[in-house]
Amino acid sequence: MTDDEAPVPALAERARRCARRLAAAEEVLLASHIDADGLTSGATAATMLERAGVPFEATFHDQLDAEAVAAVAAREPEVALFTDFGSGQLDLIGDHTDAFEPVVVDHHQPVAAAETPFDARDGYADPEFHCNPLLAGVDGASELSGAGATYLVARALAETGHGPADTASANADADDRESRAATDGGAWA
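The following block contains the structure:
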């Protein structure tokens, strides 16, 4: 599939790069957020890794703070896959790259590059394996969720012969409804 044929052409190469790293991993620790988007991202990533035959463990967090990143690092996985968070915590993740190689699939605002050991793109931290719509000119708040970004990586992995996880497509509505509930005083729209 060419980049132009990809669901989000601007993210095709980033998704492929993440997929290749995950496919090559001997073990992955999957860390994801516990909201609707994070749970869907985690389910999509777990299905993707299982179908690819990549051994993994999963952990879910309310927030990715210094303590949570340290807990991931303490397990010393070869690769730590962060879904629906991680871009805004690359400063914390960067403190532990001696313990794991990060793969970040997220749609939130990345942290400033000056605060991390990672390369920069438009002033934001951009590690080698980072699939975030905001770094490709796609709005991560309204155009692509964390689960959507995770689906792109799963689809890229499917190009190597492993089936994509279809869970993410159901998330777009759930994440939007969750956002509206928070702004409408908690009532589901």
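To convert, count from 1 in the sequence shown and add 1473; that's the numbering used here. Don't be surprised by glycine CBs; every beta carbon is placed ideally from N, CA and C.
### Query
Does the segment 1617 to 1633 come close enough to the segment 1484 to 1494 that 3 or more CB-CB pairs lie under 8 Å?
yes
### Message
Contact between the segment 1592 to 1607 and the segment 1520 to 1527 is defined here as three or more beta-carbon pairs at a separation below 8 Å; is this criterion met?
### Response
no
### Message
Going by C-alpha to C-alpha distance, which of Pro-1583, Ala-1544 and Ala-1609 sits closest to Tyr-1597?
### Response
Indexing the sequence shown from 1 puts residue 1597 at position 124. Looking at the Cα atoms, Pro-1583 is the closest of the given residues.
### Message
Whole angstroms are fine: how far does the CA of Pro-1590 sit from the CA of Ala-1509?
### Response
As a first step, residue 1509 is located in the sequence shown; it is residue number 36 there, counting from the start. As a first step, residue 1590 is located in the sequence shown; it is residue number 117 there, counting from the start. Answer to the nearest angstrom: the Cα atoms are 31 Å apart.
### Task
Specify the secondary structure class of Ser-1514 as computed by DSSP and reduced to three states.
Looking up residue 1514 in the sequence shown gives position 41. If DSSP states are grouped into helix, strand and coil, Ser-1514 belongs with the helices.
### Task
With a 10 Å radius around its C-beta and 16 neighbouring C-beta atoms as the bar for buried, classify Gly-1559 as buried or exposed.
What you label residue 1559 is simply residue 86 of the sequence shown in a count that begins at 1. Counting Cβ neighbours within 10 Å, Gly-1559 comes out buried, since at least 16 surround it.
### Query
Considering only C-alpha positions, which residue in the set Val-1576, Glu-1616 and Ala-1586 is nearest to Arg-1487?
Here residue 1487 corresponds to residue number 14 of the sequence shown, with the count starting at 1. The shortest Cα separation from Arg-1487 among Val-1576, Glu-1616 and Ala-1586 belongs to Val-1576.
### Query
Considering only C-alpha positions, which residue in the set Phe-1555, Asp-1592, Ser-1615 and Ala-1609 is nearest to Ala-1519?
Along the sequence shown, read from residue 1 onward, the residue named residue 1519 stands at position 46. Answer by Cα proximity: Phe-1555.
### Query
Of the choices Thr-1517, Ile-1566 and Glu-1601, whose alpha-carbon is the least far from that of Ala-1622?
Position 149 of the sequence shown, counted from the start, is the residue given in the question as residue 1622. When only C-alpha atoms are compared, the closest one is Thr-1517.
### Message
Alpha carbons only, please: which of Arg-1548, Ala-1539, Ala-1483 and Ala-1544 is nearest the one belonging to Leu-1563?
### Response
Against the sequence shown, residue 1563 aligns to sequence position 90. Comparing Cα-Cα distances from Leu-1563 to each of Arg-1548, Ala-1539, Ala-1483 and Ala-1544, the minimum goes to Ala-1539.
### Query
Going along the chain, which residues of its own chain have a beta-carbon closer than 7 Å to the beta-carbon of Gly-1610, five neighbours each way excluded?
Here residue 1610 is taken as the residue at index 137 of the sequence shown, counted from 1. Closer than 7 Å at Cβ, skipping near neighbours: Ala-1483.
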